[in-house]
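The structure under discussion appears below in the form of structure tokens.
Residue numbers (the UniProt record's numbering): 1 to 915.
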């Protein structure tokens, strides 16, 4: 049954129904001839290449909503098929169910078999069929099918009237239909005709007059009441209404199609009511369009509708859309898209400039979407001006940031080495690279280091990272997602705290932290374990009372290294051990070498310092224990209070002297117990009062040292804490590689003198704390210049050469560039009252000094030139002033002068030019 249904539907349109109202029709292309498909004849129909839409009724005539309707359709189709087979294309008889009614039709060319009265006579049948159809009667069309079956030797099991009843037995119908498959056709044919009575039951209807096209309610269409052609615009939807006039048809019988000169145009139908259908389409191209509306396949009156579509020349620059990247790199092509699909008609123009340079632009097109190609040679921010039809598409044009990460530079110690759990710092300067974003990634063997990036006012960035393990780290620096030159960096991360002493021939007295005793001229060896300290190299130096001695480091098995030395001097020694340039835990190691013992007398121990009387919470407090006259002994200190004890740390200095330090956390009164070789010293225990916190923000620092310092020279700062209350002042000055020497003097009026002696030139950071807090301005950044070097001072000029009194020009120049910070002193010795000395700086920004002296008598003149109290090269200069040329030649032969006249080229006016 399904196969029969499919065959009977083969020549019909296929339909899609949306929401029960709008249906879309998709026809096949081309024409079908009156041929056989799978043993069944097809109905010839013209198939249009244009788009079309049609309605189809879901009635029993098509799908058999009722059971008996489906059976009748099947039987009728079988009878019709056998009639065709018997007659070789002749007339057949079929029974169709349309809402339960039965029709007999002779059809070879019908548009819908279910439509009544749509019958066409075929005058060609077989001879055998003609003989067998002698009882054919057009007036009794209900029984003609039964008679046709008898002529094919198919005996009926039901009458035609019974077949049309709803209560018919289904099994009988199916058994009767199966008989037609065994019937054999008769081959001989001849022409015959039928009388008018055969068609007496037909009724002819003009379906094209059952509907009317209503243009009064159309939209998007400029109707022309006096002509056949109407007007419309591209991309503007057009709606046309079709009204049903005859109750024999419904809105489902209406179909439509459109022919266009260009691209296929979708067309849709929508039922607005049971009598009104809306046809809608949107023309895409200009030119003549033709809309055909049909009712049951016949053209509706007024159809086809001719529509001349004009191209819309309107332009809408604000509807242009831009998409793509807003950044680019030097030398790389940048692309972005410009979508003009909703912008109407127009031409595109693109201008990209930064006010100084204009980028080359190449535009490609795909439909209404343009792709803009450009490439920049210079960094900066470029403005993209896009115009559509001569007008800018926006008041806020797109900007492109062009970058060049290869111009980024990174500097700092943090690019080569770092310590575990300690911030490592470096600086990135991207200012020449153009705008962008900095990203830093630090990856270790098993972890990622935490990174913080701080932007500075000058456009540079300070990057800080903290590794949490030792090993080789990879540091990557990205600017605008591209690595800068030098990246990735490979960082050695170490932890000098994890260097352990596993064996030592030095004995610790157990009472002084970090203090070791040594015997003079005896060998000492220390073995270190570096397996957990990370990648690095060990270095060791021994500072003796008179010199610094580099020590040999020997590698041993299993990650161990040893240091061996023999102290040959008596007194304080300091062992400095570093791992990968960083001091290990406990370094520097304080050592003391001695050769003799003296009797112990605890009564001779002396104590000095404020820390034995007063202190302040959270402030490091100290006092001095002097056992130099008490003989060899070991001090022990204990500090007790009502609520808690305070830990006291002892540091050995020299000659049996110790520094005791402690940091109280609670105010109150404490007892300080001090013993020397387990014997209480005089006055022990001492009463110590601990005060609360002070106001460090009220302490001020002043002095020339805040400007410029000189390496190895001592500078002074004044610290004023008179408004801060009681408190302890501490200071620390850190240079690029070493700590500067810092001394604090108490002026007894709550002001202090801070003396700073840098050991190296470069930037120093000075931390000054009152109590445990920084004072105003702390930490301070100090600039330290190099130490004065008199050997770099150059003196030259005619004033440093022998001469004749009447012609003598006593001028010379002292150039101090490269000599460091210092003071120039010039002293001239000669006949009393015979000269006067003048000095002046040639330029406040220069380091050249002009010296002038005018001798008024002949004689010997000695010129002393010193830089920071040290003679410069050639000083003192001996100058002889004579009366005549003969005396001058004699003097020049006997007493050649230290001269740099080569700088003047021997010219008389050389001095003036050099100045």
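Don't be surprised by glycine CBs; every beta carbon is placed ideally from N, CA and C.
Just so we're clear, the structure is a prediction, and the values are computed from it rather than from any experiment.
Taking the CA atoms as reference points, residue 538 sits about 15 Å from residue 549. A contact between stretches requires three or more CB pairs, one per stretch, nearer than 8 Å, and the region 630 to 649 meets this requirement with the region 667 to 682. Residue 851 has 812, 839 as its beta-bridge partners, per DSSP.
DSSP places residue 465 within a strand segment (E or B) once states are collapsed to three. Close CB contacts of residue 654 within its chain, under the 8 Å cut and outside five residues either way in sequence, are with 571, 572, 592 (chain order). Counting along the chain, residue 337 sits inside the beta strand (DSSP E) bounded by residues 333 to 339.
Under DSSP, residue 770 forms a beta bridge with 729, 773. Burial check for residue 317: the Cβ neighbour count within 10 Å reaches 16 or more, so the residue is buried. Per the C-alpha coordinates, the member of 828, 180, 603, 501 positioned closest to residue 684 is 603. Residue ranges of uninterrupted beta strand (DSSP E) with 3 or more members, entirely inside the UniProt repeat "Filamin" (491 to 593) and ordered along the chain, are 500 to 504, 515 to 519, 524 to 529, 538 to 543, 548 to 550, 553 to 555, 560 to 565, 571 to 579.
For residue 286, same chain residues with a beta-carbon under 7 Å away, outside a window of 5 residues either side, are 234, 309, 310, 311 in chain order.
Distance between residue 856 and residue 894, taken at the CA atoms: about 23 Å. Here residue 689 is near residue 613, since their CB atoms are less than 9 Å apart. Just measuring C-alpha positions, the residue of 455, 753, 704 sitting nearest residue 719 is 753. Comparing alpha-carbon positions, the option among 441, 501, 498, 241 lying closest to residue 478 turns out to be 441. Residue 888: member of the alpha helix (DSSP H) spanning 885 to 894, first to last residue. Apart from sequence neighbours up to five positions away, the residues of its chain that approach residue 179 with a beta-carbon distance below 8 Å are 149, 154, 155, ordered along the chain.
DSSP, reduced to helix, strand and coil, places residue 375 within a strand of the structure shown. DSSP places residue 479 inside the beta strand (DSSP E), whose first and last residues are 471 to 479. Residue burial annotation: residue 404 is buried, with at least 16 other C-beta atoms found within 10 angstroms of its C-beta. Only buried fits residue 660, as 16 or more other CB atoms lie within 10 angstroms of its CB. If you look at residue 795, you'll find it in the beta strand (DSSP E) that goes 794 to 796. Residue 382 carries a strand assignment under DSSP once its states are collapsed to helix, strand and coil. Contact between residue 764 and residue 734 holds, since their C-beta atoms are separated by about 6 Å, short of 8 Å. Per DSSP, reduced to three states, the secondary structure at residue 641 is strand. Taking residue 709 as the centre and dropping the five residues before and after it, the same chain places the C-beta of 715, 756, 758, 764, 782, 783, 784, 785 closer than 8 Å to its C-beta, in chain order. Judged by DSSP in its simplified three-state form, residue 762 adopts strand.
Under the three-state reduction of DSSP output, residue 455 falls in the strand class. Taking residue 815 as the centre and dropping the five residues before and after it, the same chain places the C-beta of 794, 848 closer than 6 Å to its C-beta, in chain order.
The alpha-carbon of residue 691 is positioned some 21 Å away from that of residue 607.
The straight-line gap separating the alpha-carbon atoms of residue 434 and residue 329 is approximately 9 Å. Rounded to the nearest angstrom, the gap between the Cα atoms of residue 727 and residue 744 is 14 Å.
In this model, residue 574 and residue 656 are separated by some 15 Å (Cα to Cα). Bridge pairing for residue 622: 661 [DSSP].
In terms of CA proximity to residue 257, 304 leads the group 304, 354, 876. Its chain contains 315, 388, 389 as the residues whose beta carbon lies nearer than 6 Å to that of residue 346, once the 5 sequence neighbours on both sides are disregarded; these appear in chain order.
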